[in-house]
Each structure stands twice: as C-alpha cells, then as structure tokens.
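J.: Can you read through this structure? Questions will come right after.
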Amino acid sequence: MRTVIAGGHGQIALRLERLLAARGDEAAGLIRKPEQADDLRQAGAEPVVLDLEQASVDEVAERLRGADAAVFAAGAGPGSGVARKNTVDKAAAVLFADAAVKAGVRRFVIVSSMGADPRHQGDEVFDVYLRAKGEADEYVRGLDDLDWTILRPGGLTDDAGTGLVRLEAHTGRGTIPRDDVAAVLAELVDTPATAGLTLELISGPTPVPVAVRSVAGN
3 MRTVIAGGHG QIALRLERLL AARGDEAAGL IRKPEQADDL RQAGAEPVVL DLEQASVDEV
63 AERLRGADAA VFAAGAGPGS GVARKNTVDK AAAVLFADAA VKAGVRRFVI VSSMGADPRH
123 QGDEVFDVYL RAKGEADEYV RGLDDLDWTI LRPGGLTDDA GTGLVRLEAH TGRGTIPRDD
183 VAAVLAELVD TPATAGLTLE LISGPTPVPV AVRSVAGN
C-alpha cells in the first residue's frame with residue numbers, strides 16, 4: 003500500500019511514516035524544504051518537495067497518482083499568524099483533497115482538531131485556526147469522490163504512546179500523545195470502512211486496532 007502524506011515533516015507525519023515503513027508499506031511525504039528530506043528517508047519515507055501554498059491542483063495530483071491513500075497532516079504551526087491558518091490549515095487541505103479526486107485516490111484521511119467548526123466565532127489566532135480547520139473539514143465532507151475520514155485529536159503531547167485510546171464521534175476533552183495519533187492514522191488508512199466518519203480522539207482504555215474496528219462501518 004502506498005500512502006502520500008501532506009505535511010510530511012510534521013511531528014505526527016514522521017511518526018506515521020515510521021509505522022507505515024515498519025509494516026512494509028510505501029510512504030511518501032510532501033515537504034516544503036529540501037533540507038528536510040533526510041529526516042524522511044530516516045523514517046523510511048520518500049521525500050517529495052512540493053509547497054502546498056504555491057502548487058497547483060495538477061502539480062499535487064501528479065504526486066498523488068498511483069497512491070492508495072492520502073493523509074493531510076499539514077499545519078501552519080503554533081507560531082504562525084492568521085494568514086497561514088487560512089493558506090495552510092484551510093486552503094492547502096482543500097487543494098490536497100481536490101488533487102486526490104483528480105488523481106483518483108479515494109481513501110483520504112484528514113487530521114483536524116477537536117473544536118474545529120466553520121462557524122466558530124472570534125478573531126484571535128486560535129479562533130481563526132478552529133474556523134479554518136472546520137471549513138476544510140466541511141469541504142472534504144462534500145466530496146463524493148473521496149472515501150474520507152476526519153480525525154480530531156485532543157490536546158497533543160510528546161509523552162510516549164500507550165497504544166490505548168478513546169475514538170468516538172464525541173469523546174469530550176482530553177489529551178493524546180502524538181505517538182498514538184500516528185498509530186490511529188496508520189490503522190485508519192487501512193480501514194476504508196471508517197469512511198464518512200468524523201472521529202474525536204483522546205487517550206483511553208482501548209487498544210488502537212480494537213478502537214478503529216469498533217467504529218468501522220458505523
């Protein structure tokens with residue numbers, strides 16, 4: 003199985019790439035900076051230099067052709083301002099989804115955020131972020147040519163993963179190690195029966211494979 007990951011040098015993406023490579027899958031990560039390529043190679047992934055803030059749909063689709071799944075794990079990051087919340091967290095996600103449709107890649111997983119809402123009010127940077135993520139999610143939901151799953155993790159930590167999570171339509175607030183987010187993503191890309199679901203994710207009592215199987219087909 004070949005999975006192309008937008009935001010390939012992100013903290014969750016690098017973890018996901020290691021997991022995919024370890025199970026014998028092909029992973030390719032889209033990165034903006036050529037100097038990030040070695041980190042992806044060390045994770046077992048193919049680096050693909052492409053700036054989603056500058057690329058066309060055709061350029062992104064070319065990188066996606068032949069893939070079995072696409073994962074949007076890009077983000078403007080905590081130090082970015084309002085403008086990049088819209089150009090990365092919203093516009094790049096929309097571009098990546100459109101490119102997946104054009105390339106014929108049906109399986110599409112987007113890493114969103116708990117609280118994402120296209121109608122979220124407020125003008126602070128975090129308000130704009132939640133609104134941008136919500137607008138991207140809403141756009142993806144409208145694409146009939148994608149078998150999409152939206153994953154909304156709680157507060158992200160760098161604690162070691164436990165492999166135990168709570169994955170439901172509504173979990174309530176909580177935190178989740180990035181290790182465990184990556185583990186859930188690795189299961190989701192291989193579980194198309196979760197298509198059409200928007201899922202919240204926090205730490206919990208259930209092993210990751212069991213948690214994913216329990217929501218599949220719902």
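In terms of my numbering, the numbers along the sequence shown are unbroken and rise by one, the last being 220.
In this text, a Cβ means the ideal position worked out from N, Cα and C, and glycines have one as well.
Return yes when the Cβ of residue 166 is within less than 9 Å of the Cβ of residue 205, no when it is not.
T.: Their beta carbons are under 9 Å apart, which means residue 205 touches residue 166 by this criterion.
J.: Distance, Cα to Cα, residue 83 vs residue 35?
T.: Cα to Cα, the separation comes out at about 20 Å.
J.: From residue 96 to residue 139, what does the alpha carbon distance come to, in whole angstroms?
T.: Each residue's alpha carbon lies about 9 Å from the other.
J.: From this set, 48, 216 and 127, which residue's C-alpha is nearest residue 88's C-alpha?
T.: When each option's Cα is compared against that of residue 88, the closest is 127.
J.: Based on the DSSP secondary-structure assignment, which residues constitute the bridge partners of residue 209?
T.: For residue 209, which the question treats as bridged, DSSP gives the partners 166.
J.: From the DSSP output, read off the bridge partner residues of residue 48.
T.: DSSP output for residue 48 lists 30 as bridge partner(s).
J.: Opposite residue 112 in the DSSP bridges: which residues?
T.: 74 and 152.
J.: Could you compute how far the alpha carbon of residue 197 sits from the alpha carbon of residue 211?
T.: So the alpha carbons of these two residues sit roughly 16 Å apart.
J.: Starting from residue 96 and walking both ways along the alpha helix (DSSP H), at which residues does that stretch end?
T.: Note, residue 96: alpha helix (DSSP H), 95-105.
J.: Give me whichever residues DSSP pairs with residue 159 in a beta bridge.
T.: The partner list for residue 159 (beta bridge, DSSP) reads 179.
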